[in-house]
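Report on the following structure.
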Amino acid sequence: MKTAAVRPAHIRWGADHTPHGADFDGSGLSADAALALARCVHLAGNDLPARWRGREHFTVLATGFGLGHGFIATWAAWQHDAARSGWLHVVAIEGHPPTRADLARAHTASPHPALAQALVSAWPELTPNLHALNFEQGRVRLLLAFGDTDRLLPELRCRADAFYLDGLAQAQPNATAATSATRLMRLMRVLARRAAPGATATSHSVTPALSQGLTAAGFAVHQAQHDGGDSFTCARWQPRYVPCHQPMPAPRAAADAVVVGAGLAGAFVARSLHERGWQVLVLDGHAQPAQEASGNPAGVFHGTVHPQDGSHARLLRSAALHAQRRLHPWLVARQVPGQADGLLQTQRGDTAAMHAVLAAQGLPAGYVQALDRAEASRRAGVPLPGPAWFYPGGGWLSPRALVAQVLDRQSGLSGQSRLSGLSGLSFSGGCAVAGLRAVGERWQVLDSAGAVLAESAVVVLANAAQAEQLLAPWGAAGWALRRARGQLSGWHGSPTGLALPLAGDGYALPLSQALGGGVWCGATSQVDDDDAAQRAADHRFNLERLARLTGLAPPAGAAVIGRVAWRVQANDSLPVAGPLPARAGSGRGDQARILARTPGLFVCTALGGRGITWAPLLGDLLAAQVAGTPLPLEQSLLDALDPGRWQVRAVRRA
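With my numbering, the residue at position 442 of the sequence shown is 484, and numbering never jumps.
Below, the structure written as structure tokens:
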């Protein structure tokens, strides 16, 4: 799916502090009036809160977010309901989202000030992505989709129990009546494919086109009146038949899961599953977590910009923004050693071309900025060879300490460990997994002698190159993975003047005094190289690149130190993440989204050299796929990560 720049809502504020504009529903309504209308139409019309009571998960899909009054009203009702569902998911599309300043102004006098402030504080950058925001310790999850409804609705992977149909009239204000009716008919069919059994829908609109579209899509439609006397539309999904290919399976009751691999990927998958109520056991062949590439002393995280804004750039933008939301609180609280003040990525060429890319894609300064050589050097604290992208949400951290934090263990930096303090999330080291066995609807994880290490409803393999080997008997093949040796170099000592982490031709980052000070740089990349020893030639290579990038060199007498680890990467440079496709030959294979799957088997591997950036997003993605809750990525991007993508390519070539 091609993305378009996000244009913020144009809001005029009246003397009575009410918002006015054609870009959103609720123009001219005060906060109190907007909340009251949302309670009458969307909550009462969808029979809420009664319908979410006794449910583990309840999902609302809104075709307009506006200024967030519908979300605030729903959240408040859920919060004050003693019999509420375990989790509330709200997925909202907004073509013209407000700026954070306008959102704050809209909720200045909100009757729910704590909820409003939490929403304003979490408000994301206005980029064409899905933005996953968590509240109430993750019990309330808001998935914001910024962009055109017609393009985004088919891309969403969710199963909705209630629909708030707002904002549809604003999408094409100059369309003819016939064109609008055809468009609504198409949108309602797409919407119906995302309806859970018994789903309901409400809308402020009472147009014949909306009623006809809902009816044709399988909804039984009627009108109701709210307290002000105006009519609104209510509907219940009562189809004559159910489409055979649903975009999303039904939510799965929380059960037990085993995650194999205790690096960054496995840690975030385990934590995200635990946050959805699952009992999770993490197994690893090493005695402690993060002993492979995730045990490197430091690593960087940041987004990327590409003139074509293809799937790779869009995925990394989603991952970087997700990582920023997840990692920054730990870095600011100094629970993980590192730096969250931004990252510079040096570029060849001139800043004019960089600014042209930003203008074409509408990327906000909160995500990325184009800096000329002088400004980039000033921020870096050292002379740079050219201009640079500045990512305010980027930074560096200790991967090993991050894994310890995610698994709620004492940092491996001290050499101490304990079982997780998070009830239901545990780690077991020294468990080398050699095989899997299906027993009914459950899976057994086996050691090399065939003994059972663990048994669970779900297994997620996050153990790098070993994942494909373990899954080969169950249909995994041809993933085109390569294992590359990487050597880091650096030295400890006094400050070097380097103020921010740098990426470009290699990378460099200034270590905090908590990690010994000095600089780390690297890394080499040698495919099919199993030499575990540090090599002087590789240190020279890294230090020469560092000199070209920053002009820095180890001070006289400083000992050059390093570490060797192996990274796994696919030939298309994207991770492999998702449910395992069933053996080839079962059904159509020309689209990843309709491949048959092996129940209970999932994989998350091949994060390459961007593990810190990828892991938070992929952890939430895998957990959502396991639990059957809304997915934080568009369908086209899910296809790019799917373990079955090579199978699909082979079918298409044939």
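Idealized CB from N, CA, C, for every residue including glycine.
message: I'd like to check one pair, G436 with G384: are the Cβ atoms closer than 8 Å?
response: For the purposes of this step, residue 384 is taken as the residue at position 342 of the sequence shown. For the purposes of this step, residue 436 is taken as the residue at position 394 of the sequence shown. Cβ distance < 8 Å, so G384 and G436 count as in contact.
Three-state secondary structure assigned by DSSP to P685: In the sequence shown, residue 685 corresponds to position 643, counting from 1. Here P685 sits in coil by DSSP.
- request: For P429, collect the residues of the same chain with a Cβ closer than 8 Å to its Cβ; drop the 5 residues on either side in sequence, then sort them by chain order.
  value: Mapped onto the sequence shown, residue 429 falls at position 387. Hits under 8 Å: T388, Q389, G391, D392, T393, M396, A412, L413, D414, R415 and A418.
task: Can you have a look at G303 and say buried or exposed, based on whether 16 or more other CB atoms are within 10 angstroms of its CB?
output: Start at 1 with the first residue of the sequence shown, and residue 303 comes out as number 261. G303 comes out buried.
message: Between the alpha carbons of H84 and L478, how many angstroms are there, rounded?
response: Translated into the one-based positions of the sequence shown, residue 84 becomes position 42. Translated into the one-based positions of the sequence shown, residue 478 becomes position 436. Rounded to whole angstroms, H84 to L478 spans 47 Å at the Cα level.
- prompt: Would V613 be called buried (16 or more neighbouring beta carbons within 10 Å of its own) or exposed?
  reply: As a position in the sequence shown, residue 613 is number 571, starting the count at 1. At residue 613 the sequence reads Asn, which differs from the Val that was named. Exposed: under 16 other Cβ atoms inside 10 Å.
- request: Using alpha carbons as the reference points, say which of L386, L664, G651 and Q677 lies closest to A634.
  value: Here residue 634 refers to the residue found at position 592 of the sequence shown. Residue Q677 is the option with its Cα nearest to A634.
query: Any idea which residues DSSP pairs C646 with across the strands?
result: Position 604 of the sequence shown, counted from the start, is the residue given in the question as residue 646. Answer is A619, bridged to C646.
task: Since I believe A518 is in contact with L439 (beta carbons under 8 Å), could you give me their beta-carbon distance rounded to a whole number of angstroms?
output: Position 397 of the sequence shown holds residue 439. Position 476 of the sequence shown holds residue 518. That pair is no contact at about 32 Å.
query: Where does S245 sit, in a helix, a strand or coil, going by DSSP?
result: As a position in the sequence shown, residue 245 is number 203, starting the count at 1. Looking at S245 - three-state DSSP - the assignment turns out to be strand.
- prompt: Would R460 be called buried (16 or more neighbouring beta carbons within 10 Å of its own) or exposed?
  reply: Numbered from its first residue, the sequence shown carries residue 460 at position 418. With a pLDDT of 38 at R460, under the threshold of 50, the modelled position of that residue is not reliable, and no figure is offered here.
message: Using a Cβ-Cβ cutoff of less than 7 Å, which residues in the same chain neighbour V693 once the five nearest sequence positions on both sides are dropped?
response: On the sequence shown, position 651 is the one that residue 693 refers to. Result list for V693: G631 and D632, in chain order.
- prompt: Excluding sequence positions up to five away, which residues of its chain have a Cβ less than 7 Å from the Cβ of A509?
  reply: Taking the first residue of the sequence shown as 1, we reach residue 509 at position 467. Contacts found: L503, V645 and T647.
- prompt: What are the start and end residues of each continuous beta strand (DSSP E) run of 3 or more residues lying completely inside the stretch 264-327, in chain order?
  reply: 273-279, 298-302 and 321-325
message: Give me, in chain order, the residues of the same chain whose beta-carbon lies closer than 6 Å to that of Q267; leave out the 5 immediate sequence neighbours on both sides.
response: On the sequence shown, position 225 is the one that residue 267 refers to. Excluding positions up to five away in sequence, the list reads S273.
task: Identify the continuous beta strand (DSSP E) that holds L503 and give its terminal residues.
output: Working through the sequence shown from its first residue, we reach residue 503 at position 461. That run of the beta strand (DSSP E) goes V500 to L503.
message: Using DSSP's beta-bridge definition, name the partner residues of N700.
response: The requested residue 700 is not part of the displayed model; the chain covers only 43 to 696.
field: When G337, R420 and A243 are compared against A607, the one with the closest alpha-carbon
entry: Along the sequence shown, read from residue 1 onward, the residue named residue 607 stands at position 565. Of the listed residues, the one whose Cα sits closest to A607 is G337.
- request: Leaving aside the five residues before and after N505 along the sequence, list all residues of the same chain whose C-beta is less than 6 Å from its C-beta, in chain order.
  value: Working through the sequence shown from its first residue, we reach residue 505 at position 463. Within the same chain, N505 has close Cβ partners V302 and G303.
message: Do L145 and V48 have their beta-carbon atoms positioned less than 8 Å apart in this structure?
response: In the sequence shown, residue 48 corresponds to position 6, counting from 1. In the sequence shown, residue 145 corresponds to position 103, counting from 1. Taking 8 Å as the Cβ cut-off, V48 and L145 do not qualify as a contacting pair.
query: Is DSSP giving H52 helix, strand or coil here?
result: Counted from its first residue, the sequence shown places residue 52 at position 10. Reduced to three states, the DSSP call for H52 is coil.
task: List in chain order: all unbroken beta strand (DSSP E) runs of 3+ residues lying wholly within the stretch 556-614.
output: 561-564 and 603-612
- prompt: Are the C-beta atoms of P658 and some chain D residue less than 8 Å apart?
  reply: Any reference to chain D falls outside this structure, which holds one protein chain only.
- prompt: Along the chain, which unbroken stretches of the beta strand (DSSP E) at least 3 residues long are found entirely within the stretch 108-150?
  reply: 129-136
- prompt: Should R524 and Q447 be called a contact, given that it needs their Cβ atoms to be closer than 8 Å?
  reply: The residue labelled residue 524 in the question sits at position 482 within the sequence shown. The residue labelled residue 447 in the question sits at position 405 within the sequence shown. It is not a contact, given that the beta carbons lie outside the stated cut-off.
task: Could you tell me if G457 is buried or exposed, where buried requires 16 or more neighbouring beta carbons within 10 angstroms of its beta carbon?
output: Counting from 1 along the sequence shown, the entry for residue 457 is found at position 415. Low confidence applies to G457: its pLDDT is 34, below 50, so where it sits in the model is not reliable enough to give any reading.
task: For the stretch 154-164 and the stretch 649-663, state whether three or more C-beta atom pairs, one from each stretch, are separated by less than 8 Å.
output: no
- prompt: For T388, which of helix, strand or coil comes out of DSSP?
  reply: Indexing the sequence shown from 1 puts residue 388 at position 346. Looking at T388 - three-state DSSP - the assignment turns out to be strand.
query: If you count every other CB in all the chains shown that lies within 10 Å of the CB of W94, and 16 or more means buried, which is it?
result: For this step, residue 94 is matched to residue 52 along the sequence shown. Flag for W94 reads buried.
Whole-Å CB distance - A598 paired with G535, under 8 Å assumed: Within the sequence shown, numbered from 1, the residue matching residue 598 stands at position 556. Within the sequence shown, numbered from 1, the residue matching residue 535 stands at position 493. Not a contact, Cβ separation roughly 11 Å.
Distance, V284 Cα to C200 Cα: Counted from its first residue, the sequence shown places residue 200 at position 158. Counted from its first residue, the sequence shown places residue 284 at position 242. So the two alpha carbons sit approximately 16 Å from each other.
task: Could you check what DSSP says for Q330 in three-state terms: helix, strand or coil?
output: If you number the sequence shown from 1, residue 330 lands on position 288. The answer is coil: DSSP assigns Q330 none of H, G, I, E or B.
- prompt: Out of curiosity, what's the CA-to-CA distance linking A143 and P50?
  reply: For the purposes of this step, residue 143 is taken as residue 101 along the sequence shown, with counting starting at 1. For the purposes of this step, residue 50 is taken as residue 8 along the sequence shown, with counting starting at 1. When rounded, the distance between both Cα atoms is 11 Å.
query: Would you say L33 and S531 are within 8 Å of each other, going by their C-beta atoms?
result: Here the chain has residues from 43 to 696 only, and residue 33 is not among them.
field: Residue span of the beta strand (DSSP E) that contains H99, given as start and end
entry: Within the sequence shown, the letter at position 57 stands for residue 99. Taken as a continuous stretch (DSSP letters only), the beta strand (DSSP E) holding H99 covers H99 to A104.
query: So is G472 buried or exposed if we call it buried at 16+ other beta carbons inside 10 Å?
result: Within the sequence shown, numbered from 1, the residue matching residue 472 stands at position 430. G472 comes out exposed.
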